[in-house]
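Novice:
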RNA sequence: GGAUCCUUAGCUCAGCUGGUAGAGCGCUUCGCUUACAUCGAAGAUGUCAUAGGUUCGAGUCCUAUAGGAUCCACCA
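Residue numbers (the numbering used here): 28 to 820.
Following this line, the structure appears as structure tokens:
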């Protein structure tokens, strides 16, 4: 057994153990083990060469606490790490950083830049995760743009296509004019904006003047129709009549439509291609209407807009209002608060543009998605509702094509002559149709030999939704791959339930009629000290590297235990300080105990004559191990920490250590009483260390290596066995009550000393503890533990 | 409009299946005691948002109300 130095150098020792774990392969997955498997579908963070913040630290550590616990419980832990580096976030980052215009650079050049950036990003991330002590197996990593992932994503596409779950269609779809790509419902955010409700006058064929209200007057040239509510008495006479639009002089027929709100605006609404989702829905009810491609992909007005062609939507709006005013067709303008959909990545107003896109059928499978959701174990349970809410509210099939560069290509060509869809062969995946030709030489339908590659890339969630498969297939052995899927645990933030979680569940159902994982652990997000959400955009956070540098990874991890599962949590310097104090406390306790553990035979089979204080603390330890286990099993790391802390700090150090000092300092070091104290001390300390190990892996490893490694057969505490709650430690309720009274008595002695300003170390002459205590049995103990010459009843 | 959640000590939050209010920080007083002053001991502080109800008994269950948060839908 080694001596414990006076000081624990956090930075130096943490660095040492990081290297040790790496060198010894402590966290390596064992492909040949028969132990039960605990596999994690680790969230691959978006790599954008930017810094991770304390919010990420929080959610990743929280999942990791449980993973470490499971590893000690004997599970063969599969804990890979991915980097999500394909898709829009990276493209936008690169565009900004290098001031690139997507239309003026070739796809391959652009992709090269993106790859370079993501490589830098992945390194930054790996460094920080390592710094934090995240126990992933670094030999099991993937990046969502690498060959492994492209292959699986493309396979997924082919499989779904063959199952008739994917279709290609020309229809209005959500469109971002900044990113110039189609997007999906999940990419939307809502923002409340100040807008104007414009009241426009039009003439009916009867000569009657009517007024309709719109927030999108610039779409006038794309007017498809105009409606009133069939119940609307005021406007009954207009139904079926032709209406002549101002400026464009276009004629549309007034229709009755139940969706029209009689009380909003003037009670008359016009529909354009496309003002919003409601216009598309209206079109479905009035399919005879003529549609227009007024807005171009770049957000400018097309030729259909006549004199407004070439203007942006915002410019056209202004001009048209001006022109309406000039011809007297403008009745009034009301300011209104208006919620608009924006693209979450760039915050641009979303348009609906008619284009040809790839879709995955979702709308007719809602019931099945809900059933699959029921099969998962949700921690905490309430987030299941959020999933169900999203599924029930689905309105669109999933648009999976993006008119972007940096992503997984579709494994598809089209026949140049007849447009027939030609799929890649599975054995050739991954393919880039821009750089290769289909295996067949001629179109099976028309015999043409010329093919056009699909140049779109897939939505990034096409890949992310495959992470349980991507992870499992990192194992080399096919048998093992099967065991790893479905994964045991999916830890993730609540914000991406509607995307990552939903899409993964959908895919798993489509591909394998299975669930992708059994348990879902939902974490909240990090808030700054003032309670605002931490985000890269706001920059309202301290760099985790700096916190680790100052207080240690253990202290930062300790902070992360503070949030109840699924709740948001503020960053708090105070809590990190508490973590640092815990490190110091652990250190000092073991430093105190170390001399007494020398030459101790910790053989569990040796008969020990435990004294009441020993039996009391062992019973407490038993209870603590049990409750901590229960908490970890339900992913309640926060509870687990409170439970172990209460034992360690309030019971063990504040009381038990004080209770046994007189025995430890006794002259006869080999008396049964002294040996019992030492044996108990040993049991408690080792258990404490192991319980803290998942939360504070560095300090616990340090102490384990110094004091306990020689007794345990594992080279690291993190692969040692979780402490056993020994049934023989349980005590009777009678004893429990008896000893509680003894503790009460000791507390009252402390109180007495405190009131009389006497140092606790000073022995007082006498104290009356009342008549509830068996002094014959406990008198001497109270005298020695509380330092009183004589206790009386 | 639909869904979920929150309102407990000055602050940040725990309070599991209902049984006499808890922690940490902060505050007051005291104490260097052969681990720790980066500490220890003792102490003060709450009509648990409001109003009803169920119950022998309610932060804990039910119903309304008020305030706050988030998600979804609507908003022409």
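Ideal placement from N, C-alpha and C gives every residue a C-beta, glycine not left out.
Predicted, not measured: the structure shown is a model, and the values here were computed from it.
Do you know whose CA, among 82, 182, 545, lies nearest residue 598's CA?
Specialist: Here residue 598 is taken as the residue at index 571 of the first chain, counted from 1. It is 82 whose Cα lies nearest to the Cα of residue 598.
Novice: Given a cut-off of 8 Å, decide if residue 460 and residue 438 are closer than it, judged by their beta-carbon atoms.
Specialist: Here residue 438 corresponds to residue number 411 of the first chain, with the count starting at 1. Here residue 460 corresponds to residue number 433 of the first chain, with the count starting at 1. Contact flag set, yes.
Novice: Select from 593, 360, 115, 429 the residue whose C-alpha is nearest the C-alpha of residue 221.
Specialist: On the first chain, residue 221 is found 194 positions in, with the first residue counted as 1. Looking at the Cα atoms, 360 is the closest of the given residues.
Novice: Count the other CB atoms, across all protein chains shown, that sit within 10 Å of the CB of residue 89; report buried if there are 16 or more and exposed otherwise.
Specialist: The sequence position of residue 89 within the first chain is 62, counting from 1. Residue 89 comes out buried.
Novice: Taking the beta strand (DSSP E) that residue 297 belongs to, which residues open and close that run?
Specialist: Position 270 of the first chain, counting from 1, holds the residue named residue 297. Counting along the chain, the beta strand (DSSP E) containing residue 297 begins and ends at 296 to 299.
Novice: Look up residue 258 in the DSSP assignment and say whether it is helix, strand or coil.
Specialist: As a first step, residue 258 must be located in the first chain, where it is residue number 231. In the structure shown, residue 258 sits in coil (DSSP, three-state: anything other than H, G, I, E or B).
Novice: What does the Cβ neighbour count give for residue 291, buried or exposed, with the cut at 16 atoms within 10 Å?
Specialist: Looking up residue 291 in the first chain gives position 264. Classification of residue 291: exposed, given that the 10 Å Cβ count is below 16.
Novice: Is the number of C-beta pairs between the segment 547 to 564 and the segment 588 to 602 that are closer than 8 Å three or more?
Specialist: With the cut-off at 8 Å, the segment 547 to 564 and the segment 588 to 602 touch.
Novice: Using CA atoms only, rank isn't needed, just tell me which of 346, 474, 659, 431 is closest to residue 130.
Specialist: Along the first chain, read from residue 1 onward, the residue named residue 130 stands at position 103. The shortest Cα separation from residue 130 among 346, 474, 659, 431 belongs to 431.
Novice: Quick one: Cα of residue 758 to Cα of residue 646, how far?
Specialist: Position 731 of the first chain, counted from the first residue, corresponds to residue 758. Position 619 of the first chain, counted from the first residue, corresponds to residue 646. Taking the straight line from one Cα to the other gives about 6 Å.
Novice: Please classify residue 689: does DSSP put it in a helix, a strand, or coil?
Specialist: On the first chain, residue 689 is found 662 positions in, with the first residue counted as 1. Residue state, collapsed to three classes: helix.
Novice: Going by other Cβ atoms of all chains shown within 10 Å of its Cβ, with 16 needed for buried, is residue 374 buried or exposed?
Specialist: Residue mapping note: residue 374 aligns to position 347 of the first chain, counting from 1. The residue is exposed, with fewer than 16 neighbouring Cβ atoms inside 10 Å.
Novice: Strictly by DSSP, which residues pair up with residue 328?
Specialist: The residue labelled residue 328 in the question sits at position 301 within the first chain. Answer by DSSP bridge pairing, in chain order: 322.
Novice: In whole angstroms, what is the alpha-carbon distance linking residue 294 and residue 259?
Specialist: In the first chain, counting from the first residue as 1, residue 294 sits at position 267. In the first chain, counting from the first residue as 1, residue 259 sits at position 232. Answer to the nearest angstrom: the Cα atoms are 8 Å apart.
Novice: State the start and end residues of the unbroken alpha helix (DSSP H) segment that holds residue 497.
Specialist: On the first chain, residue 497 is found 470 positions in, with the first residue counted as 1. Taken as a continuous stretch (DSSP letters only), the alpha helix (DSSP H) holding residue 497 covers 494 to 499.
Novice: Out of 33, 622, 107, which has the shortest C-alpha to C-alpha gap to residue 55?
Specialist: Indexing the first chain from 1 puts residue 55 at position 28. Of the listed residues, the one whose Cα sits closest to residue 55 is 107.
Novice: Pop quiz: residue 270 and residue 310 are said to be a contact at Cβ under 8 Å. What is the actual Cβ separation, rounded to whole angstroms?
Specialist: Looking up residue 270 in the first chain gives position 243. Looking up residue 310 in the first chain gives position 283. At roughly 17 Å, the Cβ-Cβ gap does not stay under 8 Å, so residue 270 and residue 310 are not in contact.
Novice: Determine the closest residue to residue 349 out of 288, 383, 274, with distance taken between C-alpha atoms.
Specialist: As a position in the first chain, residue 349 is number 322, starting the count at 1. It is 274 whose Cα lies nearest to the Cα of residue 349.
Novice: What residue range is occupied by the uninterrupted alpha helix (DSSP H) comprising residue 724?
Specialist: As a working mapping, residue 724 is identified with position 697 in the first chain. It spans 724 to 730 - the alpha helix (DSSP H) in which residue 724 sits, taken as one unbroken run.
Novice: Let's see if you can read the secondary structure: which residues bound the alpha helix (DSSP H) around residue 186?
Specialist: For the purposes of this step, residue 186 is taken as residue 159 along the first chain, with counting starting at 1. Residue 186 -> alpha helix (DSSP H) spans 174 to 189.
Novice: What do you reckon, are the CB atoms on residue 428 and residue 483 nearer than 8 Å?
Specialist: Walking along the first chain from the start, residue 428 turns up at place 401. Walking along the first chain from the start, residue 483 turns up at place 456. Closer than 8 Å, so yes.
Novice: Relative to the alpha-carbon of residue 27, which residue among 729, 59, 753 has its alpha-carbon at the smallest distance?
Specialist: An answer regarding residue 27 cannot be provided, because it is not within the stretch 28 to 820 covered by the chain.
Novice: Hey, how far is the Cα of residue 812 from the Cα of residue 697?
Specialist: Residue mapping note: residue 812 aligns to position 785 of the first chain, counting from 1. Residue mapping note: residue 697 aligns to position 670 of the first chain, counting from 1. Looking at the two C-alpha atoms, the distance is approximately 20 Å.
Novice: Just curious, the alpha helix (DSSP H) that residue 400 is in, first and last residue?
Specialist: The count along the first chain starts at 1 and reaches residue 400 at position 373. Unbroken alpha helix (DSSP H) run through residue 400: 393 to 402.
Novice: Take residue 191 as the anchor and find which of 695, 285, 386 has the nearest alpha-carbon.
Specialist: Residue numbering aside, residue 191 sits at position 164 when the first chain is read from its first letter. Measuring from the Cα of residue 191, the nearest candidate turns out to be 386.
Novice: Determine the burial state of residue 793: buried for a count of at least 16 other Cβ atoms within 10 Å of its Cβ, exposed for fewer.
Specialist: For the purposes of this step, residue 793 is taken as the residue at position 766 of the first chain. Counting Cβ neighbours within 10 Å, residue 793 comes out exposed, since fewer than 16 surround it.
Novice: Does the structure place the segment 448 to 459 close enough to the segment 483 to 492 that three or more beta carbon pairs sit under 8 Å?
Specialist: Short answer: they don't touch.
Novice: Applying the criterion that 16 or more other CB atoms from any shown protein chain within 10 Å of the CB defines a buried residue, is residue 109 buried or exposed?
Specialist: If you number the first chain from 1, residue 109 lands on position 82. Result: buried.
Novice: So if DSSP puts residue 819 in a beta bridge, which residue, or which two residues, is it bridged to?
Specialist: Counting from 1 along the first chain, the entry for residue 819 is found at position 792. Looking at the DSSP assignment, residue 819 forms a beta bridge with 795.
Novice: Between residue 649 and residue 588, is the Cβ-Cβ spacing less than 8 Å?
Specialist: Against the first chain, residue 649 aligns to sequence position 622. Against the first chain, residue 588 aligns to sequence position 561. No; because the gap between Cβ atoms is not below 8 Å, this pair is not in contact.
Novice: To test your reading of the DSSP string, which unbroken beta strand (DSSP E) runs of 3 or more residues are found completely within the segment 330 to 393?
Specialist: Within the segment 330 to 393, the complete beta strand (DSSP E) runs of at least 3 residues are 357 to 370, 377 to 387.
Novice: Going by DSSP, what residues sit across from residue 103 in a beta bridge?
Specialist: For the purposes of this step, residue 103 is taken as residue 76 along the first chain, with counting starting at 1. Answer is 64, bridged to residue 103.
Novice: Does DSSP put residue 224 in a helix, in a strand, or in coil?
Specialist: Sequence index remark: in the first chain, residue 224 carries index 197 (1-based). Correct three-state label for residue 224: strand.
Novice: Tell me the DSSP secondary structure of residue 601 in three-state form.
Specialist: Translated into the one-based positions of the first chain, residue 601 becomes position 574. Reduced to three states, the DSSP call for residue 601 is helix.
Novice: If you run the structure through DSSP and keep just helix, strand and coil, what is residue 488?
Specialist: In the first chain, the residue the question calls residue 488 occupies position 461. Residue state, collapsed to three classes: helix.
Novice: State the DSSP-derived secondary structure class of residue 553, mapped to helix, strand or coil.
Specialist: Here the question's residue 553 lines up with position 526 in the first chain. Strand at residue 553.
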